[in-house]
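Numbers in the working numbering are just positions in the sequence shown, counted from 1, shifted up by 96.
Structure record follows, encoded as structure tokens.
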Amino acid sequence: MPKPAGMDVSGFEIISNPGDSPSGHPPCQPNKGKTGSAKRRMGTIYIEAQVKPGYTGSISKLTAKIEDVFKSQCVHAVELDHEMIGDDSYAECNFPDCVQSLRAVDFIGTKDDFPFTLIKGLRIEINSYALQDRKPTEIQEALSLCGEGISLPSARFDGVWERLILDEGIKQKLVTFMMNILRFSGGPGLASSTVNRLVLLSGPPGTGKTTLSIGLAQKLSIRLNKTFEETTLFQLNAATLLSQYFGQSAVKIHSIFEALAAQSLESPKTLIVLLIDEIESLAASREKANDRHEVHDAVRATNALLTGFDMVKNNANVLIICTSNMSDSLDAAFIDRCSRHIKIPRPGLAARYEILRHGINSLVERKVIKAPVKPLPSFRHTEYGVPTDFETAGHALRLLAHNLEDNGPDGSIVSARWVSQLAEIALANELQPDALCTVAEAVNLISQYVQTACGHKSLKRSLSTIATECDKPAAKQRKIRHMAWSPSMLPDKHIFGKVHTEDLENIADEYMEMFGEIESEKVYIPTPEDIDTIEEKINERWELKGRCGCFEIIGNKLRDYIENGTPMKRADS
97 MPKPAGMDVS
107 GFEIISNPGD
117 SPSGHPPCQP
127 NKGKTGSAKR
137 RMGTIYIEAQ
147 VKPGYTGSIS
157 KLTAKIEDVF
167 KSQCVHAVEL
177 DHEMIGDDSY
187 AECNFPDCVQ
197 SLRAVDFIGT
207 KDDFPFTLIK
217 GLRIEINSYA
227 LQDRKPTEIQ
237 EALSLCGEGI
247 SLPSARFDGV
257 WERLILDEGI
267 KQKLVTFMMN
277 ILRFSGGPGL
287 ASSTVNRLVL
297 LSGPPGTGKT
307 TLSIGLAQKL
317 SIRLNKTFEE
327 TTLFQLNAAT
337 LLSQYFGQSA
347 VKIHSIFEAL
357 AAQSLESPKT
367 LIVLLIDEIE
377 SLAASREKAN
387 DRHEVHDAVR
397 ATNALLTGFD
407 MVKNNANVLI
417 ICTSNMSDSL
427 DAAFIDRCSR
437 HIKIPRPGLA
447 ARYEILRHGI
457 NSLVERKVIK
467 APVKPLPSFR
477 HTEYGVPTDF
487 ETAGHALRLL
497 AHNLEDNGPD
507 GSIVSARWVS
517 QLAEIALANE
527 LQPDALCTVA
537 EAVNLISQYV
547 QTACGHKSLK
557 RSLSTIATEC
567 DKPAAKQRKI
577 RHMAWSPSML
587 PDKHIFGKVH
597 TEDLENIADE
607 YMEMFGEIES
617 EKVYIPTPED
627 IDTIEEKINE
637 RWELKGRCGC
647 FEIIGNKLRD
657 YIENGTPMKR
667 ADS
């Protein structure tokens, strides 16, 4: 396997303010020699070039041509996920006509998350590819138990990775880890790695584990196409295999891995990815099964699975990804074989906001929602807002995303799957036939639907939730973000945003009451840590309702109220 190119340790420059381009378009390409920030770091920009359908030329030669364009210094700045083909900012770059799409898809090794980056001094990695719509040639018969193999990158999965929204860093870290694991696997004549190329993705239903697995396989087929000429994906549903071949599952599993090993040896330049969904059906804890006197077929299946993993351990072109909704029930020997166990959480605030934003933008593209003059801001841009922004659709959407923290349909907990469908389902319920709406109206209708489907979200949390939070030291630390506004910049009427002081006091009262019940004290005196926790919760509420730069004033008033009962809004304020 070829060694990866060494990183260029010379500096690069980065636009210092993420709000420098509020229109959402990339900055104009600066003149040669023009400089920006003095910050210098090392890093790599990954750029993907998708060719037009029907292209029959050499992918490697095309990649070399695109690399020459970047070396010629025609391109000075790139924006993450922004389309360069057809953009006037890159009109003089003379990209090859056969390229349909050209995007910077990842920045590795940089500590900043700003989208516009000057490329000077950075290592540029170009990955050109053509989408496939064909079946792999000649696969082992036993692998048909996994269904038809899929050649990657597949037109069927185009955009899956980009549309999948998870909490920050999960996707990038997973790709980097898998690239390194495959790189460390060695090659002909070299010592093999002692690490299994086996990854477990676990988490509640609806968090996107299967989609993430498929997207990861697609992404690796592009990112590693200079190492592996082809990539084939096989997908096995463990529960289906166990039910269809009850009593024979161990034999079938053994034959699958035997065929997988043979296939990888026959095609050493092909990356083979085996995705096993619902792995708990085949890798359930044998100890628990014996305690419950369960049928021996499941135990034999687990033994065969573990033997199968060991069978392909030294095959450097085999990657296995497993998903599970119940990782606690998995066999200890299986967990021990996994080189990485990644727990996919339910979507956080930023992820919920972005999922909703993408859903609304999709409806704009389909002309269900009128195209806005200004698009909905990204979550990152909403963090740089000012108090007057609480009248905008972006702020209303952020408030909606916040209110979805605990509430799902019929009292269930929110899943990424449900949030991704929410905009379309809500408007299908709330809109009149053939009616259009604005983005602001759409957000309002979605909020109304959520209130109906999920019920009003109470400010109170269960005692067990509060107790759990309070057991974590980090939860008692103050997390107030010091914003760069001066109180003198804003009129006094914005000091509380849209929140009444009585509302803030009521929230404080509720938390103090719950803390008192937890401590079982008739007369509860909040500790400094409890005060920090209460202040943090109230600041979250205040921020969503137009918090301004007067946080120190409000914080002092709030703490005075908690400690001494002094009203926040009084004559001397």
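Ideal Cβ positions, reconstructed from N, Cα and C, are used throughout, including at glycine.
For clarity, every value in this text was computed on a predicted model and none was experimentally measured.
| task | Kindly list the residues whose CB is nearer than 8 Å to the CB of asparagine 380, restricted to its own chain and excluding five residues on each side of it in sequence; keep chain order. | result | Before going on, a small fix: residue 380 reads as alanine here, not asparagine. Excluding sequence neighbours, alanine 380 sits near Ala394, Thr398, Ser425, Leu426, Asp427.
| What is the residue span of the alpha helix (DSSP H) that arginine 60 lies within? | What is shown of the chain runs 97 to 669, which leaves residue 60 out entirely.
| Alpha-carbon to alpha-carbon, valine 464 and alanine 531 | 8 Å
| field | Residue closest to alanine 160, alpha-carbon to alpha-carbon, out of Phe191, His392, Phe330, Ala412 | value | Phe191
| Presumed contact (8 Å Cβ cut-off) between isoleucine 220 and isoleucine 141, rounded CB distance | 5 Å
| C-beta atoms of valine 256 and threonine 307 nearer than 8 Å | yes
| message | Here's a check: name, in chain order, each residue in its chain whose Cβ is nearer than 7 Å to the Cβ of glutamate 383, leaving out the five neighbours to either side. | response | none
| Hey, how far is the Cα of proline 249 from the Cα of leucine 445? | 31 Å
| For valine 291 and serine 423, believed in contact at Cβ under 8 Å, the rounded distance | No, serine 423 and valine 291 are not in contact; Cβ-Cβ is about 20 Å, not under 8 Å.
| field | Coarse secondary structure for alanine 226, derived from DSSP in three states | value | coil
| request: Measure the Cβ-Cβ separation of aspartate 373 and alanine 313 and say whether it is below 8 Å. | output: no
| said: Once DSSP output is grouped into helix, strand and coil, what is the label at phenylalanine 203? | reply: strand
| query | So, are the CB atoms of cysteine 189 and phenylalanine 330 less than 8 Å apart? | reply | no
| the ligand NAD heavy atoms versus the CB of serine 351: any closer than 7 Å? | The ligand content of the structure shown is nil, which means the ligand NAD is not present either.
| CB of isoleucine 416 within 8 Å of CB of arginine 293, strictly | yes
| Coarse secondary structure for valine 171, derived from DSSP in three states | coil
| message | If contacts are defined as beta-carbon pairs under 8 Å, then arginine 199 and aspartate 177 qualify, I think. What distance do you get, rounded to the angstrom? | response | 6 Å
| From which residue to which residue does the alpha helix (DSSP H) around arginine 436 run? | Taken as a continuous stretch (DSSP letters only), arginine 436 belongs to no alpha helix (DSSP H), being part of the beta strand (DSSP E) at 436 to 439.
| Would you say serine 345 and glutamate 376 are within 8 Å of each other, going by their C-beta atoms? | no
| leucine 320 to methionine 275, Cα distance in whole Å? | 8 Å
| query | Nearest to arginine 453 by CA position, among Ile440, His477, Arg442, is which residue? | reply | His477
| query | What are the boundary residues of the beta strand (DSSP E) that includes threonine 179? | reply | Checking the sequence shown, residue 179 turns out to be glutamate, not threonine. From DSSP, glutamate 179 is part of no beta strand (DSSP E); its letter is neither H nor E.
| Three-state secondary structure (DSSP) at isoleucine 141? | strand
| said: threonine 366 and glutamate 326 - do their beta-carbons sit closer together than 8 Å? | reply: yes
| task | Since I believe isoleucine 215 is in contact with leucine 328 (beta carbons under 8 Å), could you give me their beta-carbon distance rounded to a whole number of angstroms? | result | One point to set straight first is that residue 328 is threonine, not leucine, in the sequence displayed. With a Cβ gap of about 34 Å, threonine 328 and isoleucine 215 do not count as contacting.
| Relative to the C-alpha of alanine 187, which residue among Gln340, Val171, Glu598 is closest? | Val171
| said: Give me the DSSP bridge partner(s) of cysteine 533. | reply: Ile465
| message | One question on the structure: do valine 414 and isoleucine 349 come within less than 8 Å of each other, judged by their Cβ atoms? | response | no
| query | So what's cysteine 418 in DSSP terms, helix, strand or just coil? | reply | strand
| field | Per DSSP, the bridge partner or partners of isoleucine 368 | value | Thr328, Val414
| How would you label phenylalanine 203, buried or exposed, when you count the other beta carbons within 10 angstroms and need 16 or more for buried? | buried
| Rounded to whole angstroms, how far is the Cβ of glutamate 501 from the Cβ of glycine 455, which I believe are closer than 8 Å? | Going by Cβ atoms, the distance from glutamate 501 to glycine 455 rounds to 18 Å, so no, they are not a contact pair.
| field | Cut-off 6 Å between Cβ atoms - residues of its own chain near aspartate 626, not counting five sequence neighbours on either side | value | Phe611
| N- and C-terminal bounds of the beta strand (DSSP E) containing isoleucine 246 | 246 to 248
| request: Using only alpha-carbon positions, find the residue among Lys409, Ser240, Ile310, Glu598 that is nearest to serine 289. | output: Lys409
| said: Between the alpha carbons of leucine 518 and valine 460, how many angstroms are there, rounded? | reply: 15 Å
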